[in-house]
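Sequential numbering from 183 applies to the sequence shown in the working numbering. The structure appears below as C-alpha coordinates.
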Amino acid sequence: MRLALITPSFSRDHPLCVDLCRSIDTYLADDIEHVLIVPEADKALFAPLAGPRRRIMTDEEVLPTTLWKLPLPTRIGIPGVWHKRIRTLYLTPKLRVTRGWLIQQVVKMSAHRVSDAEGFVFVDSDIAFVRPFGTDTFVRDGKLRFLYEPDCIYQWVDQYTRWQDVACDLLGIDRFPFANDNYIGAGICWRRDRLAEVRDRIEATAGRPYHEVLLGQTSFAEYVIYGTYCRHVIKGDTGHYETPRSFCLGDWVFDTSDPAGYSAFVNGLADDHVAVLIQSTNEWPTERRRAAIDAIRQNAGLAA
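So, in C-alpha coordinates, the structure goes:
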(Lines of atoms letter the chains of each structure in order from A and count residues from 1; the text may use other names and numbers.)
(Lines give C-alpha, C1' and ligand atoms only; values in the text may rest on other atoms or scores of the structure.)
Protein backbone atom coordinates (compact mmCIF):
# COMPACT_ATOMS: atom_id res chain seq x y z
CA MET A 1 0.00 0.00 0.00
CA ARG A 2 1.37 3.38 -0.99
CA LEU A 3 1.09 5.98 1.76
CA ALA A 4 1.41 9.74 2.15
CA LEU A 5 2.13 11.64 5.34
CA ILE A 6 -0.04 14.77 5.52
CA THR A 7 0.55 17.70 7.88
CA PRO A 8 -1.79 20.71 7.95
CA SER A 9 0.07 23.58 9.63
CA PHE A 10 0.35 27.37 9.85
CA SER A 11 2.81 30.08 10.83
CA ARG A 12 2.41 29.83 14.60
CA ASP A 13 3.39 26.14 14.49
CA HIS A 14 6.32 26.68 12.11
CA PRO A 15 9.05 25.95 14.72
CA LEU A 16 7.29 22.70 15.62
CA CYS A 17 6.93 21.78 11.97
CA VAL A 18 10.65 22.35 11.39
CA ASP A 19 11.42 19.77 14.09
CA LEU A 20 8.80 17.37 12.72
CA CYS A 21 10.31 17.56 9.24
CA ARG A 22 13.81 17.07 10.61
CA SER A 23 12.67 13.96 12.49
CA ILE A 24 10.94 12.54 9.39
CA ASP A 25 14.06 13.12 7.31
CA THR A 26 16.09 11.34 9.99
CA TYR A 27 13.89 8.32 10.67
CA LEU A 28 11.67 7.65 7.64
CA ALA A 29 12.95 4.39 6.15
CA ASP A 30 10.64 4.06 3.14
CA ASP A 31 9.86 6.15 0.09
CA ILE A 32 6.78 7.81 1.59
CA GLU A 33 5.95 11.35 0.51
CA HIS A 34 5.31 14.04 3.11
CA VAL A 35 2.95 16.90 2.20
CA LEU A 36 2.71 20.11 4.23
CA ILE A 37 -0.50 22.09 3.78
CA VAL A 38 -0.40 25.71 4.92
CA PRO A 39 -2.26 28.97 4.23
CA GLU A 40 -1.11 30.76 1.08
CA ALA A 41 0.13 33.63 3.24
CA ASP A 42 2.51 31.21 5.03
CA LYS A 43 3.84 29.37 1.98
CA ALA A 44 7.08 31.37 1.73
CA LEU A 45 7.82 30.68 5.41
CA PHE A 46 7.48 26.92 4.92
CA ALA A 47 9.06 26.77 1.45
CA PRO A 48 12.59 25.91 2.74
CA LEU A 49 11.17 22.67 4.18
CA ALA A 50 10.40 21.31 0.70
CA GLY A 51 12.65 18.55 -0.60
CA PRO A 52 12.83 15.35 -2.64
CA ARG A 53 10.19 13.67 -0.47
CA ARG A 54 8.29 16.74 0.72
CA ARG A 55 5.88 19.05 -1.09
CA ILE A 56 4.30 22.27 0.15
CA MET A 57 0.66 22.89 -0.77
CA THR A 58 -1.72 25.61 0.35
CA ASP A 59 -5.14 25.42 1.91
CA GLU A 60 -6.38 27.43 -1.04
CA GLU A 61 -5.13 24.75 -3.48
CA VAL A 62 -6.68 21.92 -1.51
CA LEU A 63 -10.04 23.32 -0.50
CA PRO A 64 -12.66 23.12 -3.25
CA THR A 65 -13.95 26.60 -2.37
CA THR A 66 -12.74 30.12 -1.57
CA LEU A 67 -12.31 31.38 1.98
CA TRP A 68 -11.34 34.79 3.29
CA LYS A 69 -9.13 35.09 6.36
CA LEU A 70 -10.38 37.76 8.74
CA PRO A 71 -7.70 40.35 9.70
CA LEU A 72 -7.58 39.64 13.43
CA PRO A 73 -4.62 39.47 15.88
CA THR A 74 -3.30 36.02 16.79
CA ARG A 75 -3.06 36.88 20.48
CA ILE A 76 -4.00 39.59 22.96
CA GLY A 77 -2.76 40.40 26.45
CA ILE A 78 -0.34 42.32 28.61
CA PRO A 79 3.34 41.59 27.78
CA GLY A 80 4.98 39.51 30.47
CA VAL A 81 1.77 39.28 32.49
CA TRP A 82 -1.04 37.59 30.59
CA HIS A 83 -1.90 36.57 27.07
CA LYS A 84 -4.62 34.72 25.22
CA ARG A 85 -4.29 33.03 21.84
CA ILE A 86 -6.93 34.05 19.29
CA ARG A 87 -7.98 31.37 16.83
CA THR A 88 -7.79 32.25 13.16
CA LEU A 89 -11.21 32.98 11.67
CA TYR A 90 -12.36 32.71 8.06
CA LEU A 91 -15.41 33.85 6.13
CA THR A 92 -17.03 31.25 3.84
CA PRO A 93 -18.81 31.94 0.55
CA LYS A 94 -22.06 31.49 2.50
CA LEU A 95 -20.92 34.41 4.72
CA ARG A 96 -20.44 32.15 7.72
CA VAL A 97 -17.53 32.66 10.09
CA THR A 98 -15.55 29.47 10.73
CA ARG A 99 -12.42 28.72 12.72
CA GLY A 100 -9.03 27.72 11.41
CA TRP A 101 -9.03 24.33 13.13
CA LEU A 102 -12.30 23.47 11.34
CA ILE A 103 -10.68 24.45 8.06
CA GLN A 104 -7.86 22.00 8.80
CA GLN A 105 -10.45 19.27 9.28
CA VAL A 106 -12.01 20.01 5.89
CA VAL A 107 -8.50 19.92 4.40
CA LYS A 108 -8.07 16.40 5.79
CA MET A 109 -11.44 15.37 4.36
CA SER A 110 -10.09 16.67 1.03
CA ALA A 111 -6.93 14.53 1.13
CA HIS A 112 -7.77 13.11 -2.31
CA ARG A 113 -6.82 16.55 -3.65
CA VAL A 114 -3.44 16.34 -1.92
CA SER A 115 -2.10 12.95 -3.00
CA ASP A 116 -3.09 9.91 -5.06
CA ALA A 117 -1.71 7.58 -2.37
CA GLU A 118 -3.90 4.67 -1.23
CA GLY A 119 -3.53 5.57 2.42
CA PHE A 120 -3.11 8.81 4.35
CA VAL A 121 -1.31 9.25 7.68
CA PHE A 122 -2.15 12.58 9.32
CA VAL A 123 0.83 13.81 11.33
CA ASP A 124 0.36 17.11 13.17
CA SER A 125 3.16 19.66 13.55
CA ASP A 126 3.58 18.96 17.27
CA ILE A 127 4.73 15.37 16.67
CA ALA A 128 8.39 14.35 16.42
CA PHE A 129 9.61 10.92 15.38
CA VAL A 130 12.24 9.30 17.60
CA ARG A 131 12.70 5.88 15.97
CA PRO A 132 12.94 4.53 12.41
CA PHE A 133 9.53 4.02 10.85
CA GLY A 134 8.04 3.17 7.49
CA THR A 135 5.12 1.51 5.74
CA ASP A 136 5.23 -1.46 8.13
CA THR A 137 4.50 0.93 11.02
CA PHE A 138 1.06 1.59 9.55
CA VAL A 139 0.24 -1.45 7.36
CA ARG A 140 -0.21 -5.06 8.45
CA ASP A 141 -1.09 -7.81 5.97
CA GLY A 142 -2.28 -5.20 3.48
CA LYS A 143 -4.57 -3.49 6.01
CA LEU A 144 -4.08 0.05 7.29
CA ARG A 145 -3.89 0.92 10.99
CA PHE A 146 -7.17 2.19 12.50
CA LEU A 147 -7.21 3.68 15.99
CA TYR A 148 -10.20 2.41 17.98
CA GLU A 149 -10.21 2.67 21.77
CA PRO A 150 -13.39 1.13 23.18
CA ASP A 151 -14.98 2.28 26.42
CA CYS A 152 -12.32 4.82 27.38
CA ILE A 153 -13.84 8.32 27.20
CA TYR A 154 -15.14 9.45 30.58
CA GLN A 155 -14.07 13.08 30.39
CA TRP A 156 -15.63 15.59 27.97
CA VAL A 157 -18.45 13.10 27.37
CA ASP A 158 -20.88 15.85 26.32
CA GLN A 159 -18.45 17.06 23.65
CA TYR A 160 -17.79 13.57 22.30
CA THR A 161 -21.52 12.83 22.29
CA ARG A 162 -22.16 15.96 20.21
CA TRP A 163 -19.41 14.96 17.77
CA GLN A 164 -20.93 11.49 17.44
CA ASP A 165 -24.42 12.94 16.90
CA VAL A 166 -23.10 15.23 14.16
CA ALA A 167 -21.31 12.28 12.54
CA CYS A 168 -24.53 10.25 12.53
CA ASP A 169 -26.50 13.14 11.03
CA LEU A 170 -23.90 13.74 8.31
CA LEU A 171 -23.75 10.04 7.44
CA GLY A 172 -27.51 9.66 7.41
CA ILE A 173 -27.83 7.07 10.19
CA ASP A 174 -29.84 7.08 13.40
CA ARG A 175 -28.15 8.53 16.44
CA PHE A 176 -27.17 5.96 19.06
CA PRO A 177 -26.07 6.19 22.71
CA PHE A 178 -22.45 7.22 23.17
CA ALA A 179 -20.46 4.12 24.15
CA ASN A 180 -17.39 6.04 25.39
CA ASP A 181 -15.40 4.90 22.35
CA ASN A 182 -12.57 6.97 20.88
CA TYR A 183 -11.22 7.46 17.34
CA ILE A 184 -9.18 10.61 18.02
CA GLY A 185 -5.43 10.52 18.48
CA ALA A 186 -2.04 11.41 17.08
CA GLY A 187 -1.10 9.98 13.70
CA ILE A 188 -4.52 8.85 12.44
CA CYS A 189 -4.65 6.71 9.27
CA TRP A 190 -7.36 6.78 6.61
CA ARG A 191 -7.82 4.79 3.42
CA ARG A 192 -8.38 6.76 0.24
CA ASP A 193 -11.31 4.57 -0.88
CA ARG A 194 -13.08 4.68 2.50
CA LEU A 195 -12.67 8.48 2.65
CA ALA A 196 -14.24 8.79 -0.80
CA GLU A 197 -17.19 6.77 0.48
CA VAL A 198 -17.53 9.08 3.48
CA ARG A 199 -17.62 12.16 1.25
CA ASP A 200 -20.14 10.51 -1.09
CA ARG A 201 -22.30 9.55 1.87
CA ILE A 202 -22.27 13.11 3.26
CA GLU A 203 -23.21 14.52 -0.14
CA ALA A 204 -25.98 11.96 -0.69
CA THR A 205 -27.44 12.67 2.76
CA ALA A 206 -27.32 16.47 2.49
CA GLY A 207 -27.78 16.91 -1.24
CA ARG A 208 -24.85 19.36 -1.30
CA PRO A 209 -21.06 19.18 -1.75
CA TYR A 210 -19.30 17.74 1.29
CA HIS A 211 -17.21 20.86 1.90
CA GLU A 212 -20.30 23.08 2.01
CA VAL A 213 -21.92 20.71 4.50
CA LEU A 214 -18.84 20.61 6.74
CA LEU A 215 -18.23 24.36 6.59
CA GLY A 216 -21.82 24.84 7.68
CA GLN A 217 -21.18 23.03 10.98
CA THR A 218 -20.31 24.90 14.16
CA SER A 219 -18.35 21.91 15.45
CA PHE A 220 -17.48 18.44 14.21
CA ALA A 221 -14.65 15.92 14.54
CA GLU A 222 -13.32 14.51 11.27
CA TYR A 223 -11.85 11.44 12.98
CA VAL A 224 -15.21 10.68 14.63
CA ILE A 225 -16.98 10.95 11.27
CA TYR A 226 -14.55 8.52 9.62
CA GLY A 227 -14.51 6.19 12.63
CA THR A 228 -18.31 6.12 12.87
CA TYR A 229 -18.52 5.29 9.17
CA CYS A 230 -16.06 2.40 9.45
CA ARG A 231 -17.61 0.86 12.57
CA HIS A 232 -21.32 1.68 12.20
CA VAL A 233 -22.03 2.02 8.48
CA ILE A 234 -19.77 -0.46 6.67
CA LYS A 235 -20.97 -4.02 6.83
CA GLY A 236 -17.86 -6.11 6.30
CA ASP A 237 -14.16 -5.59 5.77
CA THR A 238 -13.03 -1.97 5.99
CA GLY A 239 -9.47 -2.59 4.81
CA HIS A 240 -8.25 -1.50 8.24
CA TYR A 241 -6.94 -3.39 11.24
CA GLU A 242 -8.10 -2.03 14.58
CA THR A 243 -5.72 -1.15 17.38
CA PRO A 244 -6.23 0.71 20.67
CA ARG A 245 -2.57 1.77 20.59
CA SER A 246 -1.19 4.98 19.13
CA PHE A 247 2.27 4.89 17.61
CA CYS A 248 2.93 8.14 19.52
CA LEU A 249 3.74 8.72 23.16
CA GLY A 250 1.39 11.60 23.99
CA ASP A 251 1.80 14.14 26.77
CA TRP A 252 -1.94 14.57 27.26
CA VAL A 253 -2.19 11.58 29.62
CA PHE A 254 0.48 13.02 31.95
CA ASP A 255 0.44 16.02 34.27
CA THR A 256 3.70 17.43 32.99
CA SER A 257 3.35 20.47 35.24
CA ASP A 258 4.09 18.15 38.17
CA PRO A 259 7.66 16.78 38.55
CA ALA A 260 6.39 13.22 38.99
CA GLY A 261 4.13 13.54 35.96
CA TYR A 262 6.92 14.97 33.84
CA SER A 263 9.22 12.14 34.93
CA ALA A 264 6.58 9.57 34.00
CA PHE A 265 6.21 11.22 30.59
CA VAL A 266 9.91 11.28 29.70
CA ASN A 267 10.21 7.66 30.83
CA GLY A 268 7.04 6.55 29.07
CA LEU A 269 8.24 5.56 25.59
CA ALA A 270 7.02 2.02 24.86
CA ASP A 271 8.58 -0.41 22.40
CA ASP A 272 5.82 0.26 19.84
CA HIS A 273 6.11 4.06 20.04
CA VAL A 274 8.02 5.61 17.13
CA ALA A 275 7.07 9.22 17.84
CA VAL A 276 6.32 11.71 20.60
CA LEU A 277 3.51 14.25 20.76
CA ILE A 278 3.85 17.37 22.92
CA GLN A 279 0.69 19.34 22.26
CA SER A 280 1.20 22.77 20.76
CA THR A 281 -1.41 24.14 23.17
CA ASN A 282 1.12 23.62 25.98
CA GLU A 283 3.11 26.49 24.46
CA TRP A 284 6.40 25.09 25.67
CA PRO A 285 9.44 26.97 24.37
CA THR A 286 11.19 25.13 21.55
CA GLU A 287 14.24 24.34 23.67
CA ARG A 288 12.10 22.80 26.41
CA ARG A 289 10.34 20.59 23.86
CA ARG A 290 13.65 19.48 22.40
CA ALA A 291 15.08 18.79 25.87
CA ALA A 292 12.07 16.63 26.72
CA ILE A 293 12.38 14.65 23.49
CA ASP A 294 16.11 14.20 24.05
CA ALA A 295 15.37 12.92 27.56
CA ILE A 296 12.77 10.50 26.20
CA ARG A 297 15.23 9.09 23.68
CA GLN A 298 17.99 8.84 26.27
CA ASN A 299 15.73 7.11 28.82
CA ALA A 300 14.61 4.66 26.12
CA GLY A 301 18.24 3.81 25.34
CA LEU A 302 18.07 5.23 21.83
CA ALA A 303 21.25 6.39 20.12
CA ALA A 304 21.87 10.13 19.99
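All C-beta atoms in this analysis are idealised placements derived from N, C-alpha and C, irrespective of residue type, glycine included.
First and last residue of the uninterrupted alpha helix (DSSP H) at residue i
i           : result
residue 447 : 441-448
residue 434 : No alpha helix (DSSP H) contains residue 434, which DSSP labels as neither H nor E.
Residue nearest to residue i in terms of C-alpha spacing, selected from the options
i           : options               : result
residue 453 : 284, 246, 479 and 190 : 479
residue 285 : 424, 272 and 429      : 272
residue 335 : 457, 360 and 421      : 360
residue 311 : 371, 204 and 215      : 204
residue 345 : 401, 319, 300 and 296 : 401
residue 350 : 404, 455, 306 and 393 : 404
residue 221 : 328, 417 and 195      : 195
residue 185 : 376, 217 and 301      : 301
residue 202 : 306, 473, 380 and 450 : 306
residue 472 : 338, 448 and 455      : 448
residue 439 : 211, 465, 226 and 366 : 465
Residues near residue i by beta carbon distance below 7 Å, same chain, minus five either side
i           : result
residue 378 : 294
residue 355 : 414 and 415
residue 387 : 352, 353 and 354
Whether residue i touches residue j by CB criterion (9 Å)
i           : j           : result
residue 198 : residue 308 : yes
residue 325 : residue 304 : no
residue 352 : residue 373 : no
residue 407 : residue 433 : no
residue 398 : residue 278 : yes
residue 214 : residue 296 : no
residue 358 : residue 429 : no
residue 456 : residue 315 : yes
residue 241 : residue 190 : yes
residue 244 : residue 219 : yes
Extent of the continuous beta strand (DSSP E) run through residue i
i           : result
residue 189 : 185-190
residue 371 : 370-373
residue 209 : Note, residue 209: premise wrong, no beta strand (DSSP E); alpha helix (DSSP H) at 196-209.
residue 456 : From DSSP, residue 456 is part of no beta strand (DSSP E); its letter is neither H nor E.
residue 310 : 309-311
Neighbourhood of residue i by C-beta, 6 Å cutoff - its chain only, sequence neighbours within 5 removed
i           : result
residue 331 : 364 and 426
residue 485 : none
residue 451 : 431, 478 and 482
residue 183 : 300, 301 and 321
Beta-ladder partner(s) of residue i, from DSSP
i           : result
residue 416 : DSSP, once it has assigned bridges, lists no residue as partnering residue 416.
residue 216 : 187 and 236
residue 325 : 322
residue 423 : 327
Contact set for residue i: own chain, Cβ-Cβ below 8 Å, skip 5 residues either direction
i           : result
residue 385 : 391, 392 and 395
residue 422 : 325, 326, 327, 328, 371, 373, 376 and 412
residue 317 : 183, 185, 212 and 214
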